[in-house]
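Chemist: Numbering (our numbering), first residue to last: 11 to 330.
Where is the CB? At the ideal position from N, CA and C, for every residue including glycine.
Model, not experiment: these values are computed from the prediction.
Right under this line is the structure:
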């Protein structure tokens with residue numbers, strides 16, 4: 011483990027800071043998100059304070075298998091938003107695809123019917139959680155390409171509460187873990203959108219909304235040099251097993267999840283949800299990613315309708 015990193019290097023999930031595990035007793039059985047939500051008050055407080063929390067065993071084995079089946083289908087049938095962010099001479103690959111839930115039934119089932127929607131609603135203290143989109147990440151064994159430090163919100167066509175539930179489909183060792191800057195979601199700064207592409211892996215341009223200026227011309231701050239000074243930023247990260255999940259705010263700074271050992275690949279599914287008060291804003295300076303203008307949703311209006319269905323509370327029975 012590098013110096014200045016908090017969290018637990020031994021595989022336990024819970025509140026960060028020296029590996030302390032949050033108590034699992036006294037789980038919330040009612041409240042904003044409804045009955046049976048697998049989130050404690052202590053975990054909700056950690057999310058509010060730190061911008062991220064790790065929940066242990068919150069996603070059942072059947073849902074992990076559902077997501078794995080969807081991930082394998084996604085790798086065989088990549089969609090129009092798919093990107094290979096890095097590929098080296100040895101064949102190591104960092105792949106990502108988004109907005110696949112409409113064409114991959116396993117992802118649709120996971121986003122709408124797994125505990126992820128209820129977890130997101132509870133963390134956002136919202137009476138509803140709507141599907142925003144899904145994001146599938148795949149790194150082959152031995153991949154060294156890291157996700158750059160970034161906030162999610164500057165890329166998105168949303169203003170208001172958004173919560174991501176990041177679910178590993180393979181074990182994650184601490185050196186390969188996604189890392190977060192504790193409490194950075196409460197900073198006033200909104201940062202420049204970094205490129206996810208490794209040098210030579212290709213180019214990526216946002217499909218900007220009409221009249222939008224390029225991202226480099228927008229008044230966004232530059233992300234500080236976190237890698238050189240990790241001890242200044244209270245870095246949080248956890249070793250994880252399938253069934254655990256990270257829940258994090260759209261404004262928290264995060265990156266990493268590279269440095270995979272030989273023989274260990276990493277697949278992960280991020281289910282992203284909007285809460286009450288979220289507004290559709292496709293006309294951000296520099297455009298948005300993913301570009302969801304094809305939905306025909308009216309800018310400046312709340313997220314609703316068939317393109318952003320309700321995942322919590324569940325309005326219909328789970329399909330067989």
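Which one of 313, 280, 293 has the shortest CA to CA distance from residue 81?
Modeler: Within the chain shown, residue 81 is the residue found at index 71, counting from 1. Nearest C-alpha to residue 81: 280.
Chemist: Since residue 77 is in the alpha helix (DSSP H), which residue starts that stretch and which ends it?
Modeler: What you label residue 77 is simply residue 67 of the chain shown in a count that begins at 1. Looking at the DSSP string, the run of the alpha helix (DSSP H) that includes residue 77 is 71-86.
Chemist: Give the DSSP bridge partners of residue 169, in chain order.
Modeler: As a first step, residue 169 must be located in the chain shown, where it is residue number 159. According to DSSP, which records beta bridges pairwise, residue 169 is partnered with 289.
Chemist: Just tell me which of 312, 73, 271 has its CA closest to the CA of residue 286.
Modeler: Walking along the chain shown from the start, residue 286 turns up at place 276. Of the listed residues, the one whose Cα sits closest to residue 286 is 312.
Chemist: Report the three-state DSSP secondary structure of residue 317 (helix, strand or coil).
Modeler: One-based indexing of the chain shown puts residue 317 at position 307. Residue 317: coil per DSSP, three-state reduction.
Chemist: Alpha carbons only, please: which of 257, 181, 200 is nearest the one belonging to residue 249?
Modeler: The residue given as residue 249 occupies position 239 in the chain shown. Among 257, 181, 200, the Cα nearest to that of residue 249 belongs to 181.
Chemist: In this structure, what does DSSP give as the bridge partners for residue 91?
Modeler: Counted from its first residue, the chain shown places residue 91 at position 81. Paired residues: none, contrary to the question.
Chemist: For residue 282, collect the residues of the same chain with a Cβ closer than 6 Å to its Cβ; drop the 5 residues on either side in sequence, then sort them by chain order.
Modeler: Counting from 1 along the chain shown, the entry for residue 282 is found at position 272. Excluding positions up to five away in sequence, the list reads 142, 143, 174.
Chemist: Select from 106, 125, 111 the residue whose C-alpha is nearest the C-alpha of residue 255.
Modeler: The sequence position of residue 255 within the chain shown is 245, counting from 1. Ranking 106, 125, 111 by Cα distance to residue 255 puts 125 first.
Chemist: Pull up the distance between the alpha-carbon of residue 122 and that of residue 147, whole angstroms please.
Modeler: To locate residue 122, count along the chain shown from 1; it is residue 112. To locate residue 147, count along the chain shown from 1; it is residue 137. Answer to the nearest angstrom: the Cα atoms are 19 Å apart.
Chemist: In three-state DSSP terms, what is residue 50?
Modeler: Position 40 of the chain shown holds residue 50. Three-state DSSP puts residue 50 in coil, outside helix and strand.
Chemist: Check whether the segment 299-315 and the segment 153-161 are in contact - that is, three or more C-beta pairs closer than 8 Å.
Modeler: As far as the Cβ criterion goes, the segment 299-315 does not touch the segment 153-161, which means the pair count is below three.
Chemist: Would residue 247 pass as a contact of residue 190 if the rule is Cβ separation under 8 Å?
Modeler: For the purposes of this step, residue 247 is taken as residue 237 along the chain shown, with counting starting at 1. For the purposes of this step, residue 190 is taken as residue 180 along the chain shown, with counting starting at 1. In contact: residue 247 and residue 190 (Cβ atoms closer than 8 Å).
Chemist: Let me make sure I understand the geometry here. Which of 178, 134, 260, 53 has the alpha-carbon closest to that of residue 333?
Modeler: Here the chain comprises residues numbered 11 to 330, so residue 333 is not present and cannot be evaluated.
Chemist: In whole angstroms, what separates the C-alpha of residue 299 from that of residue 167?
Modeler: Residue numbering aside, residue 299 sits at position 289 when the chain shown is read from its first letter. Residue numbering aside, residue 167 sits at position 157 when the chain shown is read from its first letter. Cα to Cα, residue 299 sits roughly 7 Å from residue 167.
Chemist: Specify, as a first and last residue, the run of the beta strand (DSSP E) that residue 126 falls within.
Modeler: Start at 1 with the first residue of the chain shown, and residue 126 comes out as number 116. No beta strand (DSSP E) contains residue 126, which is instead part of the alpha helix (DSSP H) from 126-134.
Chemist: Can you have a look at residue 71 and say buried or exposed, based on whether 16 or more other CB atoms are within 10 angstroms of its CB?
Modeler: Within the chain shown, the letter at position 61 stands for residue 71. Looking at its Cβ environment, which holds fewer than 16 other Cβ atoms inside 10 Å, residue 71 is exposed.
Chemist: Cβ of residue 70 within 7 Å of any heavy atom in the ligand MN?
Modeler: Summarising the ligand content, the structure contains no ligands, and the ligand MN is consequently not present.
Chemist: Where does residue 189 sit, in a helix, a strand or coil, going by DSSP?
Modeler: Here residue 189 is taken as the residue at index 179 of the chain shown, counted from 1. Strand, per DSSP.
Chemist: Tell me whether residue 284 sits in a helix, a strand or coil according to DSSP, three-state version.
Modeler: Indexing the chain shown from 1 puts residue 284 at position 274. Looking at residue 284 - three-state DSSP - the assignment turns out to be strand.
Chemist: Whole angstroms is fine: what's the gap from residue 112's alpha carbon to residue 105's?
Modeler: Within the chain shown, numbered from 1, the residue matching residue 112 stands at position 102. Within the chain shown, numbered from 1, the residue matching residue 105 stands at position 95. Each residue's alpha carbon lies about 19 Å from the other.
Chemist: In whole angstroms, what is the alpha-carbon distance linking residue 251 and residue 62?
Modeler: The residue you call residue 251 lines up with position 241 of the chain shown. The residue you call residue 62 lines up with position 52 of the chain shown. Between residue 251 and residue 62, the C-alpha separation is close to 17 Å.
Chemist: Suppose you measure from the CA of residue 172 to the CA of residue 52; what does that come to, to the nearest Å?
Modeler: Taking the chain shown and counting its residues from 1, one reaches residue 172 at position 162. Taking the chain shown and counting its residues from 1, one reaches residue 52 at position 42. Residue 172 and residue 52: Cα-Cα distance of roughly 20 Å.
Chemist: Check each candidate in 85, 269, 293, 69 and name the one with the smallest Cα separation from residue 187.
Modeler: Mapped onto the chain shown, residue 187 falls at position 177. That would be 269, whose Cα lies nearest to the Cα of residue 187.
Chemist: According to DSSP, simplified to helix, strand and coil, what is residue 1?
Modeler: Coverage of the chain is limited to positions 11 through 330, which leaves residue 1 absent and any answer about it impossible.
Chemist: Could you check where the beta strand (DSSP E) with residue 119 kicks off and where it finishes?
Modeler: Numbered from its first residue, the chain shown carries residue 119 at position 109. That residue, residue 119, is in no beta strand (DSSP E); its alpha helix (DSSP H) goes 115-123.
Chemist: Could you check which residue in 239, 292, 267 has the C-alpha nearest to that of residue 183?
Modeler: Locating residue 183 in the chain shown gives position 173, where the first residue counts as 1. Among 239, 292, 267, the Cα nearest to that of residue 183 belongs to 267.
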